[in-house]
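Engineer: One structure coming up, written as structure tokens, with questions to follow.
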Amino acid sequence: MDQFTINLLFVGASFALYIGIAIWARAGSTSEFYAAGRGVHPVTNGMATAADWMSAASFISMAGLIAFTGYDNSSFLMGWTGGYVLLALLLAPYLRKFGKFTVSEFIGDRFYSPTARIVAVICLIVASTTYVIGQMTGVGVAFGRFLEVSNTTGLLIGACVVFAYAVFGGMKGVTYTQVAQYCVLIMAYTIPAVFISLQLTGNPVPALGLFGDHAASGEPLLAKLDAIVTELGFNEYTAHHADTFNMVLFTLSLMIGTAGLPHVIMRFFTVPKVSDARWSAGWALVFIALLYLTAPAVGAMARLNITEMMWPNGGIEGGAVTVQQIENDPQYDWMATWQKTGLLAWEDKNGDGAIQYYNDKSEALADTAAANGWAGNELTNFNRDILVLANPEIANLPSWVIGLVAAGGLAAALSTAAGLLLAISSAVSHDLIKGSINPQISEKGELLSARVAMAVAIVVATYLGLNPPGFAAQTVALAFGLAAASIFPALMMGIFSTRINNTGAVAGMLAGLGVTLVYIFLHKGWLFIPDTNSFTDADPLLGTVKSTSFGAIGAAVNFTVAYVVASMTEETPQKIKDLVESVRVPRGAGAAQDH
Amino acid sequence: MSENSDNNSYWSANIRTIQICLVIWALVSFGFGILLRPLLSGISVGGTDLGFWFAQQGSILVFLGLIFFYAWRMNKLDAEHGVDEE
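For the record, the sequence lines run as chains S and R. Residue numbering for the first sequence follows our numbering, beginning at 24 and increasing consecutively. Residue numbering for the second sequence follows our numbering, beginning at 385 and increasing consecutively.
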């Protein structure tokens, strides 16, 4: 059987499993539909949250970003897990006690204002749509490779599948489908990592292998990696090169954003008790940590493998890999397959029959390059998003592992994309149309508007996915910035301060979202349209603050504006103060009601 | 009013717990992982230093500990102040 058939088998089997579960666990009431009847065990809920949360960015993109940058991209690891601490301590138990179905409902009730609810819906739609763009980028990469078509065709096929999946499959029994998706994606991520860790370090646990010894040389793996990449003029893998202020701000933005993403917060409404909401956040992080502790090992080991492959005879002295070898040696087959997607490219610039991979911007290496007649880096394109998917092929693992990774990458992208589309469509139909514009709308009309909203969101996301503002994980980072600046501060102030009133909250959310959106558009182009940007992240407006790091500043703006405006306007009514008091204690948390 | 004052002491105990947890949260990630990394450079772990470990794995493990500690501690506080769910 060829690889293409095996991929189709694995992807097909995993899809059949999800659809089967969805049919088996179909929802019977609105309460079951929105919050699974609040009968979900915290461990099960944690697993589903993990699947919902770990998207194409975590699965496909993150390890690649770490592999090619090293320590400096640790922000992704700390940021995307640290947010769960904020969620567990500051939001989850209180929102569960409040007992409504959507984030915008809480904001609307706590700030006793339909305007606040609409503003929350807008924030939610902007953040979620940006997030879907990142998923589409990842879906395009995955489908492009496994159907052996170009990235663009892959993205268009992916868009159709996501749409069908969200409209028909994703609606029912989401929680249990996501449990299955978690199992598929975590196996797909760890199995190849275990193989590679065994090959390189002899340790079956990749997270430990990362800090173990490189079996072939006897040196510590990371020391070996540092030596190899610096020889080629790249930055030392483990050293700190990034601007520290920006790194702190970026990590903080990801953390706050994690705690402000509506589709994640919604998951904590599904557990039976307030105390379960606290445990559930912990369990979610346990399941997320299984992937996140493996990811840095995947990154470092892949970087080592790729570099050794490009210099197969022991570094520069032994000479680079020849074009003939790439074309004929089965070990290099992955390069030809990935070349088809347009995400990997090489060119023998100096015509010496070999492909020199090195950092042509490094001054230290300029002399060596001149002496050897190199004409620049000849591995001209290595898209970071392909690393995890190509990893098993690079390490020469059996074809079933490659098929499994295909299924895992798609599970990650689809589960998150479907969850987001669900959040967007319910925000439009439930909060915006039914909640404010037309409360008399029929059930049929509500459903129709939900589907239309979903279709519009996916068209926008597909269009922007073709011209993404960055790699999948970077685009997703922008979505976190937006969520950090708009939703998290409103929720936190709603619980921890009785002083913040309706005007304050609305002003704060608008200011936070507005300033962050403008800052992102100034750097990434207005509405992400290429070439309409005035600055770049290499040379940002505020000294060193990149657009991906701006969320923390946006959140600070939100907090400040809300406090200032609230202190100038009238007190919060007593009724609302009582509401806040009751949200703070677990006693009396019944089943949630629709209103 | 006695119930109200009990609620206040419950809430301030909660706030104190949150503050302690968040200090540790910031210390392991922004502290050991980024800003204080040079201070930890003397302690070597598998070919690199402790700060690198905290940035890539250690902070995640501490986060886990914090969330489970908070859940355990709050469930105890709930019972002590009589505000737990029956």
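From the three backbone atoms N, C-alpha and C, an ideal C-beta is built for every residue, glycine too.
Hey, quick one: how far does the alpha helix (DSSP H) through S:M477 stretch, first residue to last?
Structural biologist: E466 to L489
Engineer: Given this structure, state the Cα-to-Cα distance separating R:F414 from S:G106, to the nearest angstrom.
Structural biologist: Cα to Cα, R:F414 sits roughly 13 Å from S:G106.
Engineer: Nearest to S:H263 by alpha carbon, out of R:F416, R:A455 and R:D468?
Structural biologist: R:F416
Engineer: For S:Q463, count neighbouring Cβ atoms within 10 angstroms of its own Cβ and tell me buried if that reaches 16, exposed if not.
Structural biologist: Exposed, since its Cβ has fewer than 16 Cβ neighbours within 10 Å.
Engineer: Less than 8 Å between the C-beta atoms of S:E416 and S:W334, yes or no?
Structural biologist: no
Engineer: Taking only runs of the beta strand (DSSP E) that begin and end inside the region 239–288 of chain S, which ones reach a length of at least 3 residues, in chain order?
Structural biologist: none
Engineer: When the cut-off is 8 Å and only beta carbons count, does R:A397 lie next to chain S?
Structural biologist: Closer than 8 Å: no.
Engineer: Round the Cβ separation of S:A300 and S:F291 to the nearest angstrom and send it over; I've been treating them as touching at under 8 Å.
Structural biologist: 5 Å
Engineer: Measure the C-alpha to C-alpha separation of S:F234 and S:V228 and round it to an integer number of angstroms.
Structural biologist: 11 Å
Engineer: Note down, one range per segment and in chain order, each beta strand (DSSP E) of at least 3 residues found wholly within the region 79–126 of chain S.
Structural biologist: none
Engineer: Could you tell me the distance, in whole angstroms, from the CA atom of S:Y1 to the CA atom of S:D249?
Structural biologist: Since the first residue shown for chain S is 24 and the last is 618, residue 1 of chain S is missing from the structure and cannot be characterised.
Engineer: Let me check you understand the geometry: is the CB of S:P609 closer than 7 Å to at least one non-hydrogen atom of the ligand NAD?
Structural biologist: The model depicted lacks the ligand NAD and carries no ligand whatsoever.
Engineer: May I ask you to list, following chain order, the residues of the region 258–273 of chain S that have a beta carbon less than 8 Å from some beta carbon of chain R?
Structural biologist: T261, H263, T267, M270 and V271
Engineer: Nearest CA to the CA of S:V207: which residue from S:V428, S:Q158, S:L118 and S:V164?
Structural biologist: S:V428
Engineer: Could you name the residues of chain S that R:E464 contacts, counting a contact when the two beta carbons are closer than 7 Å?
Structural biologist: Result: empty, since nearest Cβ-Cβ is about 13 Å, beyond 7 Å.
Engineer: With a threshold of 8 Å between beta-carbons, can R:F436 be considered close to chain S, or not?
Structural biologist: yes
Engineer: Contact criterion: CB-CB distance below 8 Å. Does R:L413 meet it with respect to chain S?
Structural biologist: The displayed chain sequence assigns Ser, not Leu, to residue 413 of chain R. Output row for R:S413: interface = yes.
Engineer: Go ahead and label S:G374 buried or exposed: buried means 16 or more other beta carbons lie within 10 angstroms of its beta carbon, across all protein chains shown.
Structural biologist: Result: exposed.
Engineer: Would you mind working out which of S:L275, S:S220 and S:L314 sits nearest S:A323, comparing C-alpha positions?
Structural biologist: S:S220
Engineer: Which same chain residues end up closer than 6 Å to S:W302 when comparing Cβ atoms and leaving out the 5 residues on each side of it in sequence?
Structural biologist: P65
Engineer: Rounded to a whole number of angstroms, what is the C-alpha to C-alpha distance between S:V584 and S:G527?
Structural biologist: Rounded to whole angstroms, S:V584 to S:G527 spans 7 Å at the Cα level.
Engineer: Is the shortest distance between the beta-carbon of R:G417 and the beta-carbons of chain B less than 8 Å?
Structural biologist: The chain inventory of the structure shown lacks chain B, comprising the protein chains S and R.
Engineer: Compute the distance between the beta-carbons of S:N419 and S:P215, then report whether it is under 8 Å.
Structural biologist: no
Engineer: When Cβ atoms are compared, which residues of the region 444–455 of chain R fall closer than 8 Å to chain S?
Structural biologist: I444, L445, F447, L448, L450, I451, F452, Y454 and A455
Engineer: If S:G87 sits next to S:L433, beta carbons under 8 Å apart, how far is it from one beta carbon to the other, in whole angstroms?
Structural biologist: Not really, about 17 Å apart at Cβ, beyond 8 Å.
Engineer: Can you tell me which of the three DSSP states S:I378 falls into?
Structural biologist: strand
Engineer: Using a Cβ cut-off of 8 Å (strictly closer), state whether S:L455 contacts chain R.
Structural biologist: With a threshold of 8 Å between beta carbons, S:L455 makes no contact with chain R.
Engineer: What's the C-alpha gap between S:L564 and S:F558?
Structural biologist: 6 Å
Engineer: Quick check on DSSP: helix, strand or coil for S:A387?
Structural biologist: coil
Engineer: Could you give the C-beta distance for S:F4 and S:D408, rounded to a whole number, given that I count them as a contact under 8 Å?
Structural biologist: Residue 4 of chain S cannot be examined here, being either before or after the span of chain S that is shown, 24 to 618.
Engineer: What is the DSSP secondary structure of S:D560, reduced to helix, strand or coil?
Structural biologist: coil
Engineer: Within 8 Å (strictly less), CB to CB, does S:R649 reach chain R?
Structural biologist: Here chain S covers residues 24 to 618 and nothing more, so residue 649 of chain S does not appear.
Engineer: Helix, strand or coil for S:T330, going by three-state DSSP, please let me know.
Structural biologist: Here S:T330 sits in helix by DSSP.
Engineer: Please check if any C-beta of chain S sits within less than 8 Å of the C-beta of R:I427.
Structural biologist: Using beta-carbon distances, R:I427 does not count as an interface residue toward chain S, since no partner is under 8 Å.
Engineer: Assign S:N461 to one of two classes, buried (16 or more other C-beta atoms within 10 Å of its C-beta) or exposed (fewer than that).
Structural biologist: exposed
Engineer: For a minimum of 4 consecutive residues, which ranges assigned as the alpha helix (DSSP H) are wholly contained in the region 292–353 of chain S?
Structural biologist: 297–333 and 346–351
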